[in-house]
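In this note's numbering, the protein residues as written are 14 to 517. From the three backbone atoms N, C-alpha and C, an ideal C-beta is built for every residue, glycine too. Since the structure is predicted, the reported quantities are computational estimates derived from the model, not experimental observations.
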Amino acid sequence: MSAGPREPFENPVIEWFDSRLPIFTMMQKEYGVFPTPKNFNYFWSFGGIAMTMLILMIVTGIFLAMNYTPQENMAFDSVEHIMRDVNYGWMLRYLHMNGASFFFIAVYTHIFRGMYYGSYKKPRELLWILGVIIFLLMMATAFMGYTLPWSQMGGWAATVITNLFSAIPFVGDSIVTLLLGGFAVGNPTLNRFFALHYLLPFVIVGIVFVHVWALHVTGSNNPLGIDVKGPQDTLAFSPYYTAKDMFGLAVFMLAYIAVTFFAPNMLAHPDHYIQYNALQTPAHIVPEWYFLPFYAMLRGITFGFNLYILAGIGIIGAALWPVYTKGKALKDPLLGMTIIPAVTDFGQYSKKFFTMLAIAGVVFMLGYFSQTMGLPLPFSKWVLLDSKLGGVIAMFGSIAILFVMPWLDSHPVRSARFRPQFKVAVLAMTASVAILGYIGAQTADAMLFGVIQWVYIGQILTGYYFAFFVIILPWLSVTEKASPMPNSINEAVLQENARKAGAR
Ligand code: HEM
């Protein structure tokens, strides 16, 4: 593969090895002298932190598997045996259990960093897409892992989530049977979940390898979002960023170790310590915290999509057509008639755009009230998408939409630092996801201050989440005026240093 020119190493053993398989040359090139923007903040440590957590999860998982039994009558007891009898079994299990949470904390921070600083944009689209695939695989792995201790919460979470697939028309029920290995959660479910829970982390390792490979082709983005112009903008990855990343990792590990050893069940549910009973449903089935925002979106769709709601969505699509196509007209393919005229000036178009959005909002709300409060409207009972399928589409769609984020946001400026409107929108989206997480943990009928049901707030926030991607990003792409940017990374770093020196 890498048979190019190489510098000989002084150490004879390394030189012998490297001249036959240039692994040390590759490491030196990719992680030693690799030119890296000189203005990284600690957000850039989270890829390395995620990688460390992935390795830690695999190592603790393998040792747990040595003492675990994937059989429905023995799984729960085998976990208790690990906790009580196996030497340091309690430690392995708590490290693995809390490790999953901290892995998600690292990856959520990593995703937020990518969004805020526009790392998903050209030329890093493929790197981003690989990241979204990793995220999906992580979710599948964590979900299946939660079933393995064969607890009330794990078993019933598996029942709820696998049953969602039954909402898919025609093939849904067959898919559920295939996933479960039967008609309900049972021994075949446990066996296949164990097999896949063991396999998928290694698939993730493979994709992380390609993810980092793609990163090393384009080079890293940075907090300013501007391209590296020359050597004056970069530092060698090692020792500068190996040292910085080690410090970031150490702080993160302190938090992880503190929770694991001092509050190991802080993020767990008491029902996770009761053996699974297929005949007794727990009072409240809640997923792990990292799934809660998506769970809230699933439960938030309490209404079917009738003609009004679909018409509202259609009007939004029509309003966005010129935005998506950067001004092109939409012609009827048969008659050649112009349906939506070309747009040359989005400033002028904005009035029309917001009027159409307002009409869409009214039509949508009419459909919504006819579904939820029985507002009598003609044809409002014609539901093309029921609430269950709608919820499932919202839940999976909220992640699937990330795949196309690089194309929804085509603004030439990457970093939110120079995009005041995008900054507000992306922070509001992040806050919405956090609040949705809170809502996902509430019971379905819980109220805020006894005034309004949380589920309604969840619906508004879910609406904003999708509006952020489908409406706000494309609109800002053509209208937002960026604030002035520095000419180079080096110039910005020197200015920042001078400012700090002046402040001292
Ligand atoms: C197992 C999970 C993951 C691991 C181990 C991982 C690893 C890494 C590493 C080591 C880097 C370089 C260091 C850094 O920029 O932080 C990186 C960069 C990046 N990752 Fe990930 N990643 C993971 C998941 C994801 C996910 C879920 C996404 C997005 C959905 C993502 C998107 C990106 C992007 C866009 C970059 C480039 C950042 C930049 O240059 O500014 N990654 N990743």
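Contact test: residue i Cβ vs the ligand HEM heavy atom, cutoff 7 Å
{"i": "Leu415", "result": "yes"}
{"i": "His123", "result": "yes"}
{"i": "Phe148", "result": "yes"}
{"i": "Met70", "result": "no"}
{"i": "Met39", "result": "no"}
{"i": "Leu248", "result": "no"}
{"i": "Arg33", "result": "no"}
{"i": "Val141", "result": "Just to set this straight, residue 141 is Trp in the shown sequence, not Val. Yes; taking the cut-off as 7 Å, the Cβ of Trp141 has a heavy atom of the ligand HEM nearer than that."}
{"i": "Gly74", "result": "no"}
{"i": "Ile217", "result": "yes"}
{"i": "His224", "result": "yes"}
{"i": "Val439", "result": "no"}
{"i": "Trp420", "result": "no"}
{"i": "Asn234", "result": "yes"}
{"i": "Gly61", "result": "yes"}
{"i": "Arg19", "result": "no"}
{"i": "Val336", "result": "no"}
{"i": "Ser114", "result": "no"}
{"i": "Arg3", "result": "Residue 3 lies beyond the stretch modelled for the chain, which goes from 14 to 517, so this question has no answer here."}
{"i": "Val145", "result": "yes"}
{"i": "Arg137", "result": "yes"}
{"i": "Met151", "result": "yes"}
{"i": "Leu213", "result": "no"}
{"i": "Val120", "result": "yes"}
{"i": "Gly317", "result": "no"}
Identity of the residues DSSP links to residue i by a beta bridge
{"i": "Gln466", "result": "Met460"}
{"i": "Phe318", "result": "Leu398"}
{"i": "Lys494", "result": "Lys494 is not bridged to any residue."}
{"i": "Lys344", "result": "Thr351"}
{"i": "Gln288", "result": "Ser164"}
N-terminal and C-terminal residue of the beta strand (DSSP E) that residue i is part of
{"i": "Ile352", "result": "Thr351 to Ile353"}
{"i": "Thr82", "result": "Neither: Thr82 is in no beta strand (DSSP E) and is coded neither H nor E."}
{"i": "Pro50", "result": "Pro48 to Pro50"}
Run of the alpha helix (DSSP H) containing residue i, from where it starts to where it stops
{"i": "Leu213", "result": "Asn200 to Thr231"}
{"i": "Thr273", "result": "Thr255 to Phe275"}
{"i": "Leu398", "result": "Per DSSP, Leu398 belongs to no alpha helix (DSSP H); it is in the beta strand (DSSP E), Val396 to Leu398."}
{"i": "Thr247", "result": "Note, Thr247: premise wrong, no alpha helix (DSSP H); beta strand (DSSP E) at Thr247 to Ala249."}
{"i": "Thr175", "result": "Gln165 to Leu177"}
{"i": "Arg12", "result": "Residue coverage of the chain in this structure runs from 14 to 517, which leaves residue 12 outside it and unanswerable."}
{"i": "Met3", "result": "Nothing about residue 3 can be read from this structure; the chain reaches only from 14 to 517."}
{"i": "Phe359", "result": "Phe359 to Thr385"}
{"i": "Asp98", "result": "No alpha helix (DSSP H) contains Asp98, which DSSP labels as neither H nor E."}
{"i": "Phe304", "result": "Here Phe304 belongs to no alpha helix (DSSP H), and DSSP marks it neither H nor E."}
{"i": "Asp31", "result": "Pro25 to Arg33"}
{"i": "Ala433", "result": "Just to set this straight, residue 433 is Pro in the shown sequence, not Ala. First-last of the alpha helix (DSSP H) with Pro433: Pro433 to Gly453."}
{"i": "Asn524", "result": "One cannot answer for residue 524 here, as it falls past the ends of the chain, which runs 14 to 517."}
{"i": "Trp420", "result": "Met418 to Leu421"}
{"i": "Ala78", "result": "Phe59 to Ala78"}
{"i": "Gly185", "result": "Gly185 to Leu193"}
{"i": "Met40", "result": "Ile36 to Met40"}
Min CB distance residue i to chain E below 8 Å
{"i": "Glu93", "result": "In the structure shown, chain E does not exist; there is a single protein chain."}
Three or more C-beta pairs below 8 Å linking the segment 414–423 and the segment 140–160: yes
Stretch pair the segment 115–134 + the segment 309–325: three plus CB contacts closer than 8 Å: no
The segment 431–442 touching the segment 479–492, judged by at least three CB pairs closer than 8 Å: yes
The segment 441–454 touching the segment 478–485, judged by at least three CB pairs closer than 8 Å: yes
The segment 45–54 touching the segment 73–85, judged by at least three CB pairs closer than 8 Å: no
Given 8 Å, three or more beta-carbon pairs between the segment 363–370 and the segment 318–336: yes
The segment 380–390 in contact with the segment 304–314 per 3-pair CB rule at 8 Å: no
Cβ pair count under 8 Å reaching 3, the segment 395–403 against the segment 463–475: no
Cβ contact check for the segment 404–416 and the segment 208–215: 3 or more pairs under 8 Å: no
Contact the segment 259–266 vs the segment 447–454: 3+ CB pairs below 8 Å: no
Inter-stretch contact (C-beta, 8 Å, three-pair minimum) for the segment 58–68 and the segment 102–121: yes
Meets three-Cβ-pair contact criterion under 8 Å: the segment 219–239 and the segment 500–510: yes
Meets three-Cβ-pair contact criterion under 8 Å: the segment 158–166 and the segment 83–102: yes
Cβ pair count under 8 Å reaching 3, the segment 219–232 against the segment 172–192: no
contact_flag[the segment 275–293, the segment 101–114] where n(CB pairs < 8 Å) is 3 or more: yes
Touch test, the segment 341–350 against the segment 283–294, Cβ-Cβ under 8 Å, three pairs minimum: no
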